[in-house]
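There are 2 protein chains.
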Amino acid sequence: MREIELAKGTIRLADVAKAAGVSQGTASNVFSRPDVVREEVREHVLETAKRLGYAGPSLTGRLLRAGKVNAIGVAAVEPLAYFFDDPWARALLASVAQICDTNGTGLALVSAKDRHKLDWNIKSALVDGFILLCVEGGEKLVQLTRERQLPFVALALNDDDPSIASISVDNMGGAAVAARHLAELGHRRFAVLATELSDDHVGPVSVAEATRAIYSTSRDRALGYWQALEGFGIPRELVPIYETINDKPSVEAGLEMLFSASEPPTAILAMSDNIALLAINWLRARGLSVPRDVSVIGFDGVPEGGMVEPGLTTMAQPFAEIARRAVKAVLDDVVPAKREMIDVTLVVRGSTAPPKR
Amino acid sequence: MREIELAKGTIRLADVAKAAGVSQGTASNVFSRPDVVREEVREHVLETAKRLGYAGPSLTGRLLRAGKVNAIGVAAVEPLAYFFDDPWARALLASVAQICDTNGTGLALVSAKDRHKLDWNIKSALVDGFILLCVEGGEKLVQLTRERQLPFVALALNDDDPSIASISVDNMGGAAVAARHLAELGHRRFAVLATELSDDHVGPVSVAEATRAIYSTSRDRALGYWQALEGFGIPRELVPIYETINDKPSVEAGLEMLFSASEPPTAILAMSDNIALLAINWLRARGLSVPRDVSVIGFDGVPEGGMVEPGLTTMAQPFAEIARRAVKAVLDDVVPAKREMIDVTLVVRGSTAPPKR
DNA sequence: TTCTCATTTTGAATCGATTCAATTTCACAG
DNA sequence: CTGTGAAATTGAATCGATTCAAAATGAGAA
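Set out below in structure tokens:
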């Protein structure tokens with residue numbers, strides 16, 4: 001008779017406990033440590049809970065005591081859709097997702113192009129730690145995340161600050177391997193399609209400009225290319241570099257320029273697979289055969305590279321390994337002592353071949 | 358002198374309040390409603406907070422009282438990586454992400470192939486509501502989510518239960534348009550590559566089997582194809598249907614069968630863009646030209662369809678609109694009264710043309 | 001000087017669970 | 001019948017904030 005009036009509002013654990021005639025402690029145990037309560041009681045409480053329409057222990061209540069969310073956040077200074085649109089981010093996230101899957105960790109996507117929003121999103125994300133995609137705006141991201149005082153790892157950080165836990169690939173070494181691969185095939189006329197070297201700039205870049213680029217990822221790749229090519233007697237000054245912003249218009253503008261030269265390149269060093277794929281499309285539309293007329297090599301090793309015709313030769317990042325380390329570091333809160341560096345491997349597919357004689 | 362010993366443990370709002378010599382209420386206001394506290398005091402509290410290394414109001418504490426997480430979960434009965442690997446899921450999520458971005462909502466990915474894990478993940482996801490991707494295992498997903506007693510919307514639900522709030526596309530109507538498009542181009546020999554009709558089955562399906570398929574999405578598409586084709590005097594019995602599981606091996610097995618027939622089809626009705634793209638690849642590898650020898654039409658309208666050569670003709674789902682409605686429904690907790698249905702539109706690209714004479 | 005009213009600040013209650021030391025229950029040995 | 005130890009249960013403290021009625025403060029009017 002009295003019980004009926006309980007129907008109003010949401011049912012709390014305490015309500016269930018009272019209705020079942022047990023203490024709140026026991027009721028709690030029924031849900032979180034069922035083994036410690038006598039079967040008979042447990043059943044009764046469960047039944048009562050169902051009868052009252054109890055939705056199970058509220059996460060917030062539990063959370064408050066436990067302090068663990070059991071989820072990690074992946075953050076970037078980009079619109080949220082970036083995680084699904086950008087091939088590199090996608091490949092990385094697929095790997096991160098896989099790792100999370102196996103150890104039952106949740107995954108939250110955190111991002112915003114606008115600094116204020118980003119700040120708020122990072123502050124209010126319910127996660128135990130962050131993986132930062134620092135391709136662009138990395139320092140900002142790191143700074144914002146620091147304030148949150150949660151463990152984090154920076155990926156692809158364009159900054160040499162050793163106090164930031166980060167995992168990066170060996171850009172210089174990888175780039176050198178890429179250039180060497182083409183040089184060994186016999187190419188001598190190269191051109192570089194670069195990812196961002198400095199803010200708000202698109203177009204040809206001089207050696208000096210590239211050398212003092214603020215984005216170390218792109219800079220190191222350039223250094224790697226140069227180093228390898230000079231081993232073949234090709235001075236860096238003779239290798240045109242065109243800086244893009246990793247999108248179609250800027251890549252095509254670059255190609256337009258490079259291929260209107262009197263002696264167009266026979267080999268293109270693209271600093272990302274995205275650029276490389278765009279380049280291949282442009283070249284073929286222009287009536288140039290890849291790899292017969294022009295060889296193209298990318299960087300990253302995104303899955304799309306293996307699904308086009310011809311397959312894209314590229315320097316593949318070990319996404320699974322990067323994801324594994326990053327997730328582990330964040331979850332265990334044992335952020336890598338300093339900068340960790342991971343090797344990339346040359347994957348030869350159909351987009352590179354010896355030059356026409 | 359006394360203050361120094363505060364350094365141990367984590368700093369709580371109460372610590373800051375005490376150190377700053379204000380009440381906890383005021384300290385709280387400094388962070389959550391700064392306008393109500395006098396500037397002088399506010400500055401002092403803020404400064405004290407910074408000095409103590411206070412990380413800002415703990416989300417869990419806030420959460421407990423506010424009850425809103427400000428995030429939605431997207432769930433599927435698939436491994437987590439599905440969200441990044443499957444083209445349809447990806448396209449949809451990109452749109453969902455965009456909507457979330459504009460209204461500052463967080464996005465959490467929830468999923469597991471294994472029922473037990475899924476149950477746990479759904480139970481413990483910190484979200485205000487769910488968007489369910491029901492392509493496969495929809496009922497299970499809906500059932501599990503119901504227990505959580507949070508608002509949710511089911512997308513692409515293979516079930517006609519009107520008590521479930523769901524948003525779907527007009528599968529039958531769309532399929533009819535697709536088939537009509539090809540018939541009007543002059544095609545008369547069709548074949549259907551179907552998405553899942555029933556559990557654990559791959560291979561040719563009879564009209565009867567397709568008619569009583571348990572997955573309504575696939576069934577409705579088949580019904581739409583039939584309806585349109587019969588308008589052109591092609592009886593359903595003469596249209597072979599091959600059921601795939603939307604992956605490469607099963608699609609290729611289907612094509613192998615269809616094209617070893619004495620009179621192979623000139624037009625392929627694929628129930629997903631994924632299948633259509635795989636089919637195009639197979640056909641070209643086999644030396645058949647698309648669309649000269651064979652026309653292919655897909656269903657879904659994933660971005661990849663516009664980026665291949667030839668472009669894929671398809672029935673495009675309005676992802677942005679679906680996402681908008683779904684997010685809105687979940688956030689406002691005004692789940693659509695019952696089933697909502699959205700139209701798909703024919704997008705003609707290069708993969709369809711009149712048949713060779 | 002006293003009274004009013006608006007602005008700030010306070011302090012205690014509250015959100016919904018978990019946890020653990022203390023207590024009760026129970027079966028069985030002595 | 002008592003004593004013992006294991007198992008089950010209790011009840012109160014706790015997590016970290018927000019909220020709001022009530023109290024304090026201050027400025028201006030009478």
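From first to last, the protein sequence lines are chains E and Y. For the first sequence, my numbering assigns the number 1 to the initial residue and increments by one for each residue that follows. For the second sequence, my numbering assigns the number 358 to the initial residue and increments by one for each residue that follows. Idealized CB from N, CA, C, for every residue including glycine. Quick caveat, the model's predicted, so the values are computed rather than measured.
Interface flag, residue i vs chain Y, CB-CB below 8 Å
i, result
"E:P79", "yes"
"E:D86", "no"
"E:T145", "no"
"E:V69", "yes"
"E:V16", "no"
"E:T60", "yes"
"E:E5", "With a pLDDT of only 36 at E:E5, under the threshold of 50, the placement of this residue in the model should not be trusted; the figure read from the coordinates follows. It does not; no Cβ of chain Y falls within 8 Å."
"E:V110", "yes"
Cβ-based burial, residue i [other Cβ within 10 Å; buried from 16]
i, result
"E:D247", "exposed"
"Y:L363", "Confidence is the limiting factor: at Y:L363 the pLDDT is only 36, short of 50, which leaves the residue's position unreliable, though a coordinate-based value still follows. Classification for Y:L363: exposed."
"Y:S573", "buried"
"Y:L498", "buried"
"Y:I524", "buried"
"Y:I571", "exposed"
"E:K8", "Only weak support exists for where E:K8 lies, its pLDDT of 47 falling under 50; the coordinates are left without a value."
"E:R33", "exposed"
"E:L238", "exposed"
"E:H187", "buried"
"Y:S617", "exposed"
"E:P162", "exposed"
"E:D300", "buried"
"E:D101", "buried"
"Y:N528", "buried"
Within-8 Å CB hit, residue i to chain E
i, result
"Y:C457", "yes"
"Y:A351", "Look at the range of chain Y in this structure, 358 to 714, and you will see that residue 351 of chain Y is not part of it."
"Y:Q506", "yes"
"Y:V684", "no"
Limits of the unbroken beta strand (DSSP E) element including residue i
i, result
"E:D332", "Looking at the DSSP string, E:D332 is not in any beta strand (DSSP E); the run it does join, the alpha helix (DSSP H), is 319 to 332."
"Y:F728", "Nothing about residue 728 of chain Y can be read from this structure; chain Y reaches only from 358 to 714."
"Y:P561", "560 to 562"
"Y:L626", "624 to 627"
Cα-Cα separation, residue i to residue j
i, j, result
"Y:A448", "E:Q24", "46 Å"
"Y:E404", "Y:A412", "12 Å"
"Y:P621", "Y:N515", "31 Å"
"Y:H558", "E:D200", "54 Å"
"Y:D650", "Y:H538", "17 Å"
"Y:P660", "E:A191", "30 Å"
"E:S28", "E:E40", "15 Å"
"Y:T367", "Y:E496", "44 Å"
"Y:L409", "Y:V379", "15 Å"
"E:F232", "E:A183", "7 Å"
"Y:L501", "E:A125", "24 Å"
"E:A178", "Y:G662", "31 Å"
"Y:D690", "Y:L507", "8 Å"
"E:L133", "E:K328", "16 Å"
Beta-carbon gap between residue i and residue j smaller than 8 Å
i, j, result
"E:V296", "E:I268", "yes"
"E:I275", "E:L155", "no"
"Y:R578", "Y:E587", "no"
"E:L312", "E:D273", "yes"
"E:Q227", "E:A176", "yes"
"Y:E493", "Y:V434", "yes"
"E:M315", "E:L283", "no"
"E:N379", "E:G106", "What is shown of chain E runs 1 to 357, which leaves residue 379 of chain E out entirely."
"Y:I637", "Y:P675", "no"
"E:I131", "E:A326", "yes"
Residue range of the alpha helix (DSSP H) that includes residue i
i, result
"E:F31", "24 to 32"
"E:R339", "First-last for E:R339: 339 to 342, but that is the beta strand (DSSP E), not the alpha helix (DSSP H)."
"E:P87", "87 to 102"
"E:G138", "138 to 148"
"Y:G418", "416 to 423"
"Y:A579", "573 to 587"
"E:A178", "171 to 185"
"E:A257", "Note on residue identity: the sequence assigns Met, not Ala, to residue 257 of chain E. Per DSSP, E:M257 belongs to the alpha helix (DSSP H) from 248 to 258."
Residue i: CB within 7 Å of a non-hydrogen atom of the ligand GTP
i, result
"E:R357", "In terms of ligand content, the structure shown is empty, and the ligand GTP therefore cannot be addressed."
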